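In the working numbering, the protein residues as written are 596 to 749.
Even for Gly, the Cβ is constructed at its ideal location relative to N, Cα and C.
Being a predicted model, the structure only gives us computed values, none of them experimental.
The structure appears below as structure tokens.
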């Protein structure tokens with residue numbers, strides 16, 4: 596469960612926008628652990644509306660090209676993760692931070708989607724009777740050769 600409900604966030608953001616207090620005052624009044632949380636709520640509300648305050652139930656998947664574009668934007672401009680996230684429509688700035696770190700460590704390939712799920716089983720070739728008989732024939736020929744060699748050495 597989320598620490599703060601949608602209704603609570605909406606109430607505090609509406610009070611801030613109505614001018615009933617600043618970040619520090621409202622954070623203290625409503626016992627919010629950090630003024631930064633309230634700042635994030637307000638910026639998310641301003642950018643995405645009431646949807647910005649809702650908790651996402653399904654993870655958004657982003658294409659390789661989009662991730663690469665966002666990482667290059669961050670690396671070429673002097674903008675914060677928060678501002679960049681708002682400008683490209685992502686409501687999760689730490690996600691951009693993860694992409695940038697992965698890019699710096701492993702290059703662009705780190706941004707490609709990873710295969711999920713269990714690895715497919717490798718089919719082992721099934722031994723047929725014919726294969727078994729061939730193996731036996733090869734083994735017996737090898738044994739005969741060894742016996743012949745052994746006799747010659749005596």
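Annotated three-state conformation of residue 733 is helix, per DSSP. In the three-state DSSP reduction, residue 712 falls in the coil class, being neither helix nor strand. Sequence-distant Cβ neighbours of residue 676 in its own chain, meaning closer than 6 Å and more than five residues away, are 688, 691 and 692.
By alpha-carbon distance to residue 601, the top candidate from 625, 617, 620 and 647 is 647. Separation of residue 710 and residue 661 (C-alpha to C-alpha, rounded to the nearest whole angstrom) is 18 Å.
Assigned with DSSP and collapsed to three states, residue 700 falls in helix. Residues of the same chain with a CB within less than 7 Å of the CB of residue 637, apart from the 5 flanking positions on each side, are 608 and 611 in chain order.
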